[in-house]
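Here's the structure we're looking at; comments come further down.
Residue numbers (this note's numbering): 1236 to 1622.
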């Protein structure tokens, strides 16, 4: 889960990372009041989860409260790469002497953590990595050891910080790592981390991504979710504990097990090339329990997608046998009633597959078409979607 900048700032402040004061506002009037409260020069910053805000006009310096009001009028409602600005943060101004970059992130390829640090911050890190890779220090952080003061000094030296700055920067890097581990984050980034003219180290802009799989340890993270931006179908699926991701296609997909569902996506995409270019409409893994209610919840989500023209149910019976899955599908259609109008192609395999197929054949539901193999099912579902 990616956080807004103001949420990252609040987390930094909670752990003791030096930050400037910031006030969230939703209207120009609230921005004016925030600027008056902070006093002096302020910065009005669009709160969107995308880079390039400054170049798009989403960050403006305001010398007065009236300037802040005018800045808010131009920023609120602004479309930045498809993200409409609904909220801004009014931050205190800083007199910057030097900008740096620091991040710590999950390095999945090496099953470790990685710190990226540069004595040259303020620019897009991707651009720096391409144009001047030598200016970006990459230092492995061993999870069991983390970043203590000695490790932070090692990181700063690798990034070519002058010795006189290392003593100031290192404690901040340690605290940022505390944010990373304490909140079960997969990314903590500060760009820029600055040295002010007064000689202070301050985190001016932060990005934080939280590991949603660790949510059970952090019930407070639920309040950080951006419910306004959530796709309504994905939100409904989440309420029912379904692993669902909406895609831009016409064939709805239900399967049990992430590997099987991913394979089904590929097979449907391939079959769709033969039927007018139809594509998978979603990823939906109902897990190990294909009960009637779970199946009904899954179908309810998929059928709520207006783009869906057909549904491919691809289930391998294991602990939940195919006869139970078949009964679940029929009961799900009964539960949904008149809202179930789109054709279903069902492919069953595994434990009690013959019994499951017999149950569906005996039901003779006009919405259900059986398929013996995954390829056959994908082809039939694609053909129905293209019809």
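Beta carbons are placed, not taken as given, at the ideal position from N, Cα and C, and that holds for glycine.
Taking all protein chains shown into account, decide if residue i is buried (16 or more other Cβ within 10 angstroms of its Cβ) or exposed.
i, result
"residue 1295", "buried"
"residue 1496", "buried"
"residue 1242", "buried"
"residue 1421", "buried"
"residue 1451", "exposed"
"residue 1520", "buried"
"residue 1317", "exposed"
"residue 1576", "exposed"
"residue 1499", "buried"
"residue 1347", "exposed"
"residue 1540", "buried"
"residue 1367", "exposed"
"residue 1376", "buried"
"residue 1572", "exposed"
"residue 1385", "exposed"
"residue 1244", "buried"
"residue 1365", "exposed"
"residue 1270", "buried"
Could you check whether residue j and residue i sit closer than 8 Å to each other, using their CB atoms as the reference points?
i, j, result
"residue 1536", "residue 1472", "yes"
"residue 1579", "residue 1557", "no"
"residue 1510", "residue 1621", "yes"
"residue 1554", "residue 1581", "no"
"residue 1487", "residue 1529", "no"
"residue 1320", "residue 1283", "yes"
"residue 1437", "residue 1254", "yes"
"residue 1494", "residue 1549", "no"
"residue 1531", "residue 1567", "yes"
"residue 1246", "residue 1424", "no"
"residue 1393", "residue 1370", "no"
"residue 1218", "residue 1594", "One cannot answer for residue 1218 here, as it falls past the ends of the chain, which runs 1236 to 1622."
"residue 1491", "residue 1522", "yes"
"residue 1432", "residue 1330", "yes"
"residue 1552", "residue 1503", "no"
"residue 1258", "residue 1273", "yes"
"residue 1315", "residue 1291", "yes"
"residue 1256", "residue 1327", "yes"
Please report the distance separating the alpha-carbon of residue i from that of residue j.
i, j, result
"residue 1574", "residue 1600", "15 Å"
"residue 1297", "residue 1547", "55 Å"
"residue 1360", "residue 1299", "32 Å"
"residue 1614", "residue 1533", "21 Å"
"residue 1236", "residue 1460", "7 Å"
"residue 1388", "residue 1363", "22 Å"
"residue 1176", "residue 1430", "The requested residue 1176 does not occur in the structure, where the chain is confined to residues 1236 to 1622."
"residue 1484", "residue 1322", "32 Å"
"residue 1335", "residue 1390", "13 Å"
"residue 1310", "residue 1293", "6 Å"
"residue 1469", "residue 1481", "7 Å"
"residue 1458", "residue 1507", "40 Å"
"residue 1248", "residue 1608", "56 Å"
"residue 1238", "residue 1456", "10 Å"
"residue 1527", "residue 1505", "30 Å"
"residue 1514", "residue 1616", "10 Å"
"residue 1395", "residue 1401", "9 Å"
"residue 1426", "residue 1590", "60 Å"
"residue 1501", "residue 1489", "13 Å"
"residue 1597", "residue 1466", "38 Å"
"residue 1478", "residue 1301", "47 Å"
"residue 1275", "residue 1381", "39 Å"
"residue 1398", "residue 1416", "27 Å"
"residue 1214", "residue 1351", "Given that the chain is displayed from residue 1236 to residue 1622, the structure contains no residue 1214 and the question cannot be resolved."
"residue 1512", "residue 1538", "20 Å"
"residue 1312", "residue 1288", "13 Å"
"residue 1449", "residue 1378", "16 Å"
"residue 1333", "residue 1428", "9 Å"
"residue 1374", "residue 1453", "28 Å"
What does residue i pair with, by DSSP beta-bridge criteria?
i, result
"residue 1425", "1337 and 1441"
"residue 1208", "Since the first and last residues shown for the chain are 1236 and 1622, residue 1208 lies out of range."
"residue 1373", "1351"
"residue 1582", "1549 and 1606"
"residue 1318", "1315"
"residue 1295", "1279"
"residue 1258", "1325"
"residue 1520", "1478 and 1490"
"residue 1232", "The structure shown does not extend to residue 1232, since the chain is modelled only from 1236 through 1622, so no value can be given for it."
"residue 1237", "1444"
"residue 1420", "1445"
"residue 1342", "1347"
Hey, is residue i's beta-carbon within less than 8 Å of any beta-carbon in chain E?
i, result
"residue 1427", "The structure shown has no chain E; it contains just one protein chain."
Mind checking whether the beta-carbon of residue i lies closer than 7 Å to any heavy atom of the ligand HEM?
i, result
"residue 1583", "Ligands are entirely absent from the displayed structure, and the ligand HEM is therefore not among its contents."
Do three or more CB pairs link the segment 1445 to 1457 to the segment 1355 to 1370 at distances below 8 Å?
With the cut-off at 8 Å, the segment 1445 to 1457 and the segment 1355 to 1370 do not touch.
With a cut-off of 8 Å, do at least 3 Cβ pairs link the segment 1410 to 1418 to the segment 1326 to 1344?
Verdict: yes, contact present.
Does the segment 1302 to 1317 come close enough to the segment 1269 to 1284 to have 3 or more Cβ pairs within less than 8 Å?
Remark: three or more beta-carbon pairs, one from each stretch, lie closer than 8 Å, so the segment 1302 to 1317 and the segment 1269 to 1284 are flagged as touching.
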